[in-house]
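S.K.:
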Amino acid sequence: MKMLPTVIANLFSKPATRNYPFFVREPFEHARGELINDIERCIFCGACARKCPSQCLTVTKDKTEGIWTLEFFACVGCGVCVDVCPVNCLSQKTTHRPVAVERAVITLRGKLPERPAKKDRPDSIEKTAE
Ligand code: SF4
Ligand code: SF4
13 MKMLPTVIAN LFSKPATRNY PFFVREPFEH ARGELINDIE RCIFCGACAR KCPSQCLTVT
73 KDKTEGIWTL EFFACVGCGV CVDVCPVNCL SQKTTHRPVA VERAVITLRG KLPERPAKKD
133 RPDSIEKTAE
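The C-terminal position of the sequence shown is numbered 142 in my numbering, with every residue numbered one higher than the one before it.
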């Protein structure tokens with residue numbers, strides 16, 4: 013009998029939860045959501061993959077092309093990769109990807125930055141005596 017007022021109040025009040033994914037709450041201002049890579053600026057250094065705590069990033073490259081992959085349902089949205097990227101090509105939206113039932117990977121390809129000619133590299137410039 014003690015619970016009766018609570019039960020009646022709950023019967024006539026709105027539910028405390030939302031019917032996600034049909035009703036999605038507005039994101040918080042600094043929420044860390046979907047990870048985006050501006051692949052044109054990526055230099056495929058691999059720093060993001062080395063520091064990712066959930067190991068959901070992979071960076072591989074050959075002589076001319078780099079491949080950046082993200083297993084996005086394994087990403088915990090911590091933002092460490094964004095912080096360590098030396099060229100700031102990673103960013104996070106405030107929203108998350110839509111729900112899905114299958115595991116998925118994002119694969120992005122890009123050209124490696126051109127290396128300076130050997131004669132122009134700092135380690136090959138001859139030191140001149142003063
Ligand atoms: S840290 Fe940045 S530049 Fe380096 S591979 Fe990752 S996304 Fe590309
Ligand atoms: S946000 Fe965190 S978990 Fe997600 S890819 Fe970046 S470092 Fe990994």
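Note that the Cβ used here is the ideal one computed from N, Cα and C, for glycine as well.
Within 10 angstroms of the Cβ of Glu142, are there 16 or more other Cβ atoms? Answer buried if so, exposed if not.
M.R.: For the purposes of this step, residue 142 is identified with residue 130 of the sequence shown, where counting begins at 1. Here Glu142 scores only 47 on pLDDT, less than 50, and its place in the model should not be relied on; the value that follows carries that caveat. Classification of Glu142: exposed, given that the 10 Å Cβ count is below 16.
S.K.: Grab me the residues of Cys101's own chain with a C-beta within less than 7 angstroms of its C-beta, minus the 5 sequence neighbours each way, in chain order.
M.R.: In the sequence shown, counting from the first residue as 1, residue 101 sits at position 89. Contacts found: Asn49, Asp50, Arg53, Cys54.
S.K.: Helix, strand or coil, according to DSSP, for Thr140 in the structure here?
M.R.: Counted from its first residue, the sequence shown places residue 140 at position 128. Summary for Thr140: the model assigns pLDDT 48, below 50, so the residue's position carries little reliability, and this model does not support an answer.
S.K.: Specify the secondary structure class of Leu16 as computed by DSSP and reduced to three states.
M.R.: Looking up residue 16 in the sequence shown gives position 4. DSSP places Leu16 in the helix class (H, G or I) of the three-state scheme.
S.K.: If we ignore side chains and look at the alpha-carbon of each, how far apart do Met13 and Thr29 end up?
M.R.: The residue given as residue 13 occupies position 1 in the sequence shown. The residue given as residue 29 occupies position 17 in the sequence shown. Between Met13 and Thr29, the C-alpha separation is close to 26 angstroms.
S.K.: Going straight from the alpha carbon of Ala21 to that of Asn31, what length do you get?
M.R.: In the sequence shown, the residue the question calls residue 21 occupies position 9. In the sequence shown, the residue the question calls residue 31 occupies position 19. Taking the straight line joining both Cα atoms gives about 21 angstroms.
S.K.: What do you reckon, is the C-beta of Leu16 under 8 angstroms from a heavy atom of ligand 2?
M.R.: Here residue 16 is taken as the residue at index 4 of the sequence shown, counted from 1. No, the Cβ of Leu16 stays beyond 8 angstroms of every heavy atom of ligand 2.
S.K.: For the beta strand (DSSP E) that contains Val71, what are its first and last residues?
M.R.: Looking up residue 71 in the sequence shown gives position 59. From DSSP, the beta strand (DSSP E) with Val71 extends over 69–73.
S.K.: Could you tell me if the beta carbon of Val99 falls within a distance shorter than 8 angstroms of some heavy atom in ligand 1?
M.R.: In the sequence shown, residue 99 corresponds to position 87, counting from 1. Yes.
S.K.: Taking just the CA atoms, how far does Thr106 sit from Glu41?
M.R.: In the sequence shown, counting from the first residue as 1, residue 41 sits at position 29. In the sequence shown, counting from the first residue as 1, residue 106 sits at position 94. Rounded to the nearest angstrom, the two C-alpha atoms are 7 angstroms apart.
S.K.: According to the neighbour-count rule (16 or more other Cβ atoms, all chains shown, within 10 Å of its Cβ), is Ala86 buried or exposed?
M.R.: By 1-based counting over the sequence shown, the position of residue 86 is 74. Exposed, because fewer than 16 other Cβ atoms sit within 10 Å of the Cβ of Ala86.
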